[in-house]
Amino acid sequence: MTASMISLDSLASAKTSHRRLTIAKSSNCKSSSCGSTAKPNDIDAAVWEKIKDHPCYSEEAHHYFARMHVAVAPACNIQCNYCNRKYDCANESRPGVVSEKLTPDQALRKVIAVANEVPQLSVLGIAGPGDACYDWQRTKATFEKVIAEIPDIKLCISTNGLALPDHVDELASMNVDHVTITINMVDPQIGAKIYPWIFYNHRRYTGIEAAEILHERQMLGLEMLAARGILTKINSVMIPGVNDEHLIEVNRWVKERGAFLHNVMPLISEPAHGTYYGLTGQRAPRPIELKALQDRLENGAKLMRHCRQCRADAVGLLGEDRGKEFMLDQIPGELSYDDRNRAAYREVVAQERSIHAAAKSEAIEMVKAAGPDGSLQIAVATKGGGRINEHFGHAKEFQIYEASPRGIAFVGHRKIEQYCRGGWGDDATLDAVIVALEGIDIVLCAKIGDCPKKRLADAGIRAMHAYSYDYIETAISAVYAAEFGVGPLTATA
Amino acid sequence: MAFKIIASQCTQCGACEFECPSGAIELKRDNYVIDPDKCTECEGAFETQQCAAVCPVPKTCVPA
Ligand code: SF4
Ligand code: SF4
Ligand code: SF4
Ligand code: SF4
């Protein structure tokens with residue numbers, strides 16, 4: 001356990017790649033062929049090759065790999081009622097919000113700086129702050145520059161779909177093999193409530209007509225991508241009372257047209273953001289409403305449950321944002337790409353991953369075998385690597401798992417405000433954390449103080465740090481076994 | 001006959017820049033500005049002024 005654990009932890013912090021490799025080689029993985037066994041059984045090998053290092057397309061990969069977004073595409077051709085491009089608040093974390101817009105040359109510098117410093121980096125995405133396909137010249141120039149320097153980085157874009165059909169062939173020729181389309185409706189009547197206008201063919205359209213055009217272009221773009229084998233993720237914003245029920249229909253449509261993943265995200269609407277929905281008091285869904293909808297979609301297109309609704313300039317592992325470390329004025333003018341950090345990291349991950357995969361499937365079998373009924377909702381504090389390695393008070397989010405006779409499934413994450421700041425826990429924040437943990441039975445973390453532990457217990461939530469640094473699934477199986485009356489599994493991690 | 005951009009409202013998204021058929025819009029220092037000598041109000045090119053039609057902020061591209 002310890003050897004591989006130390007190696008992954010050190011990867012995130014140590015500066016020298018040599019040390020990393022030495023640690024990696026001394027880890028206890030004896031098989032030389034390991035590294036490929038993490039592939040889930042329900043995914044075919046060619047697709048797995050494409051997604052295995054992509055934190056958004058593979059839930060498993062998001063424990064190991066990081067993405068970065070560069071904000072090179074500020075122009076947009078539609079207006080969504082949940083977006084306001086007029087204000088840019090540095091304290092917000094939501095799509096469309098950025099701290100600085102970049103030119104393609106500035107973006108290249110930033111990508112190189114991040115690639116040198118963040119070995120987990122595997123994906124470069126362009127997600128706005130406007131629309132990557134509409135602002136195509138800048139998107140394309142950025143990709144071309146980056147690929148010339150860092151050929152193995154994966155490219156992906158995010159788009160509203162209106163201009164997408166015009167660029168599918170170029171996307172294919174640049175090997176962009178991941179595209180996200182935001183599709184909130186297939187019924188233009190509903191679309192008209194979400195999109196006040198679009199700009200298409202040199203004029204502005206409004207109302208149903210606008211929604212019809214957008215809908216047709218989205219479906220066409222999706223079909224064109226699927227025909228070329230480009231993986232698509234559909235993002236849908238869940239807007240209670242507007243399209244929440246309708247998303248079941250959306251899921252069916254996109255599945256029929258070859259969408260690879262469907263990601264249902266909660267609306268973000270606060271009055272302070274100045275969006276139409278924020279100002280009209282449209283409410284956001286609660287976490288359990290979101291989960292209930294996701295559960296109803298379970299038999300449709302495969303669901304993404306680990307999306308963090310990142311800023312359009314986010315950097316790092318999902319759930320963390322290191323963007324502030326890489327603002328333009330902190331990046332040296334002259335930079336060259338050094339591939340050693342990323343290469344060394346990949347080598348360690350390949351080994352660590354297969355050990356983790358084995359532990360995980362053992363844990364899942366164990367839970368399946370444990371008993372006929374009984375289900376637990378478990379919140380985990382983690383910094384990555386698939387382990388319980390974050391203190392309760394330092395967590396900025398919890399990853400949520402469900403253990404049931406069907407096995408162990410990742411079901412989502414919940415953002416919280418960090419409870420402990422500078423050694424002191426704040427009571428009001430703890431109250432908010434407890435609210436955010438609605439419906440959770442058990443919290444697993446690396447460490448927790450007696451006081452918050454008791455407060456959680458009063459709210460019916462059991463917090464444990466007995467499994468700190470174990471693999472998440474291994475710990476869950478042990479908890480589950482203890483709960484539903486079978487002998488505990490020996491720690492394999 | 002020209003349009004202008006109300007600088008305090010503009011988000012610097014740049015959409016108007018590449019939609020303008022006359023090449024009249026440019027980023028000067030930190031603001032997008034319309035060159036009144038080049039702006040044709042899109043006469044003869046499109047039925048509506050492109051800058052005003054694409055701009056996400058109401059009343060930002062307006063007659064000068
Ligand atoms: S497509 Fe994106 S950038 Fe454009 S209005 Fe909608 S959310 Fe905003
Ligand atoms: S917004 Fe979602 S899909 Fe996009 S990078 Fe973040 S986690 Fe991935
Ligand atoms: S009115 Fe037409 S020509 Fe004039 S600046 Fe706007 S887009 Fe350009
Ligand atoms: S379209 Fe509007 S907001 Fe965008 S740059 Fe032009 S004037 Fe500014």
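Keeping their order, the protein sequence lines are chains A and B. Numbering-wise, full-length UniProt numbering puts 463 at position 463 of the first sequence, and it's gapless, one number per residue. Numbering-wise, full-length UniProt numbering puts 16 at position 16 of the second sequence, and it's gapless, one number per residue. For each residue, glycine too, the CB sits at the ideal point set by N, CA and C.
For residue i, which of helix, strand or coil comes out of DSSP?
i	result
His356 of chain A	helix
Val242 of chain A	coil
Ala463 of chain A	strand
Glu402 of chain A	strand
Val349 of chain A	helix
Lys4 of chain B	strand
Thr139 of chain A	helix
Gly428 of chain A	Position check: residue 428 of chain A holds Ala in this sequence, whereas Gly was assumed. Reduced to three states, the DSSP call for Ala428 of chain A is helix.
Thr280 of chain A	helix
Glu100 of chain A	coil
Arg29 of chain B	coil
Ser477 of chain A	helix
Ser22 of chain B	coil
Asn251 of chain A	helix
Phe410 of chain A	strand
Met366 of chain A	helix
residue 504 of chain A	For chain A, the structure presents residues 1 to 493; residue 504 of chain A sits outside this window and is missing.
Val433 of chain A	helix
Pro271 of chain A	helix
Leu328 of chain A	helix
Arg387 of chain A	strand
Gly333 of chain A	coil
Glu417 of chain A	coil
Gly393 of chain A	helix
Val176 of chain A	coil
Glu320 of chain A	coil
Asn341 of chain A	helix
Gln50 of chain B	helix
Val237 of chain A	strand
Ala381 of chain A	coil
Glu45 of chain A	Before going further, note that residue 45 of chain A is Ala rather than Glu in the sequence given. Three-state result, Ala45 of chain A: helix.
If you compare alpha carbons, which of the options is closest to residue i?
i	options	result
Lys324 of chain A	A:Ala314, A:Ala172, A:Gly333 and A:Leu318	A:Ala314
Lys101 of chain A	A:Val72, A:Ile288, A:Gly385 and A:Ala163	A:Val72
Asn389 of chain A	A:Leu164, A:Ala475, A:Asn341 and A:Asn175	A:Ala475
Pro240 of chain A	A:Thr275, A:Ile355 and A:Gln282	A:Gln282
Met219 of chain A	A:His167, A:Leu162, A:Ser173 and A:Glu270	A:Leu162
Leu261 of chain A	A:Ala61, A:Met304, A:Tyr345 and A:Ala379	A:Met304
Thr280 of chain A	A:Lys291, A:Pro287, A:Ile331 and A:Ile268	A:Ile268
Ala363 of chain A	A:Arg462, A:Gln309, A:Ala481 and A:Leu121	A:Ala481
Leu469 of chain A	A:Ile230, A:Val380 and A:Cys310	Reading the sequence as shown, one finds Tyr at residue 469 of chain A and not Leu. It is A:Val380.
Ile157 of chain A	A:Lys145, A:Ala113, A:Val176 and A:Glu144	A:Val176
Tyr467 of chain A	A:Ala446, A:Asp458 and A:Ala344	A:Ala446
Arg78 of chain A	A:Leu124, A:Pro129 and A:Thr232	A small correction: the amino acid at residue 78 of chain A is Ile; Arg does not occupy that position in the sequence shown. When each option's Cα is compared against that of Ile78 of chain A, the closest is A:Pro129.
residue 500 of chain A	A:Gly407, A:Arg387 and A:Met327	For residue 500 of chain A there is no data in the structure shown, the boundaries of chain A being 1 and 493.
Thr429 of chain A	A:Gly393, A:Glu402 and A:Phe410	A:Gly393
Pro58 of chain B	A:Ala192, A:Ile43, A:Ala45 and A:Pro196	A:Pro196
Trp136 of chain A	A:Val123, A:Thr159, A:Ile147 and A:Lys302	A:Thr159
Gly449 of chain A	A:Gln189, A:Val70, A:Ser404 and A:Asp426	A:Asp426
Glu49 of chain A	A:Gly258, A:Val70, A:His178 and A:Leu124	A:His178
Lys233 of chain A	A:Cys56, A:Gln399 and A:Pro119	A:Cys56
Arg340 of chain A	A:Ile51, A:Ile378 and A:Gln120	A:Gln120
Glu144 of chain A	A:Met174, A:Gly125 and A:Gly278	A:Met174
Tyr401 of chain A	A:Lys453, A:Phe484, A:Val443 and A:Leu222	A:Val443
Three or more beta-carbon pairs under 8 Å between the segment 411-420 of chain A and the segment 428-438 of chain A, yes or no?
Judged by Cβ distances under 8 Å, the segment 411-420 of chain A makes contact with the segment 428-438 of chain A, as three or more pairs qualify.
Would the segment 137-157 of chain A and the segment 198-218 of chain A be scored as touching if the rule is three or more Cβ pairs under 8 Å?
By the C-beta criterion, the segment 137-157 of chain A is judged not to be in contact with the segment 198-218 of chain A, since fewer than 3 inter-stretch pairs fall below 8 Å.
Quick check: the segment 370-382 of chain A against the segment 182-202 of chain A, are at least 3 beta-carbon pairs closer than 8 Å?
Verdict: no, contact absent.
Ignoring anything shorter than 4 residues, give me the alpha helix (DSSP H) runs that lie fully in the segment 103-172 of chain A, in order along the chain.
For the segment 103-172 of chain A, whole alpha helix (DSSP H) runs of length 4 or above, ordered along the chain, are 104-117 and 136-149.
Specify whether the segment 211-229 of chain A and the segment 270-284 of chain A touch according to this definition: at least 3 beta carbon pairs, one from each stretch, less than 8 Å apart.
Flag = no, the segment 211-229 of chain A and the segment 270-284 of chain A do not touch.
Would you check if there are 3 or more beta carbon pairs closer than 8 Å linking the segment 39-53 of chain B to the segment 18-27 of chain B?
Taking one beta carbon from each stretch, the segment 39-53 of chain B and the segment 18-27 of chain B have 3 or more pairs nearer than 8 Å; the two touch.
contact_flag[the segment 292-312 of chain A, the segment 246-259 of chain A] where n(CB pairs < 8 Å) is 3 or more
By the Cβ test, the segment 292-312 of chain A is in contact with the segment 246-259 of chain A, since at least three Cβ pairs between them sit closer than 8 Å.
Please list the segments of the beta strand (DSSP E) lying wholly inside the segment 181-230 of chain A, counting only runs of 3 or more residues, in order along the chain.
Scanning the segment 181-230 of chain A for uninterrupted beta strand (DSSP E) segments of 3 residues or longer gives 197-200 and 203-206, listed from N- to C-terminal end.
Take every Cβ of the segment 24-44 of chain B, pair it with every Cβ of the segment 102-111 of chain A, and state whether three or more of those distances are shorter than 8 Å.
Result no; under three Cβ-Cβ pairs closer than 8 Å.
Touch test, the segment 167-180 of chain A against the segment 194-205 of chain A, Cβ-Cβ under 8 Å, three pairs minimum:
No, because fewer than three Cβ pairs between the segment 167-180 of chain A and the segment 194-205 of chain A fall closer than 8 Å, the two stretches do not touch.
Closer than 8 Å is the cut-off here; do at least three beta carbon pairs connect the segment 44-63 of chain A with the segment 38-46 of chain B?
These segments do not touch.
Are the segment 108-122 of chain A and the segment 320-340 of chain A touching by the rule of at least three beta carbon pairs closer than 8 Å?
Segments in contact, yes.
Check whether the segment 342-359 of chain A and the segment 447-463 of chain A touch, using three or more Cβ-Cβ pairs below 8 Å as the test.
Result no; under three Cβ-Cβ pairs closer than 8 Å.
At what residue ranges does the segment 292-317 of chain A contain a whole run of the beta strand (DSSP E), taking only runs of 3 or more?
Counting whole runs of 3 or more residues, the segment 292-317 of chain A contains the beta strand (DSSP E) stretches 315-317.
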